[in-house]
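Down below is the structure, laid out as structure tokens.
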Amino acid sequence: MTKTRIHWLVLSASTLGLGLSMPACPGQQAMQQQLDNLEKRETAVATRIQGIDTQVKAATAEVAKMGPALQNLQVINQALIEQKSMLTDLQKQVAELSDKVKSMGSKPAPAPKAKGKK
Numbered sequence: 669m670t671k672t673r674i675h676w677l678v679l680s681a682s683t684l685g686l687g688l689s690m691p692a693c694p695g696q697q698a699m700q701q702q703l704d705n706l707e708k709r710e711t712a713v714a715t716r717i718q719g720i721d722t723q724v725k726a727a728t729a730e731v732a733k734m735g736p737a738l739q740n741l742q743v744i745n746q747a748l749i750e751q752k753s754m755l756t757d758l759q760k761q762v763a764e765l766s767d768k769v770k771s772m773g774s775k776p777a778p779a780p781k782a783k784g785k786k
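Under the working numbering, the very last position in the sequence shown is 786; numbers go up by exactly one each time.
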């Protein structure tokens, strides 16, 4: 072998030996730990999102079931509003009649006619 080939062989072997014997990058373990923590958080968040999604689907199903009941409540509400206006009118009429009765009550009653003797 020639000297240049030996030099290249020694240089390659020493570079390979240094690369294998050197520890990993100083921040590699910290970075790997941060990645692991982020993966755990991501898994926890995904689980929470799945739970919330299940709750939302259940709530949506319940609201869909309540649709006809809500329509009935709207009809009942409209009927109550109409009845309230009718009761208000009735209350006004009763107050007017009460005032008439009071005004009639303040007049003296007609004297009873005396029965003549036969």
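Heads up, the beta-carbon is just placed ideally off N, CA and C, and yes, glycines get one too.
Query, Result
"Where do the ends of the alpha helix (DSSP H) carrying P780 lie?", "Segment: none, P780 is in no alpha helix (DSSP H) and carries neither H nor E."
"Does DSSP put G695 in a helix, a strand or coil?", "coil"
"Note down the Cα distance separating L738 from Q701, rounded to an integer number of angstroms.", "53 Å"
"Any chance you could list the beta strand (DSSP E) runs of at least 3 consecutive residues sitting entirely within the region 735-765, in chain order?", "none"
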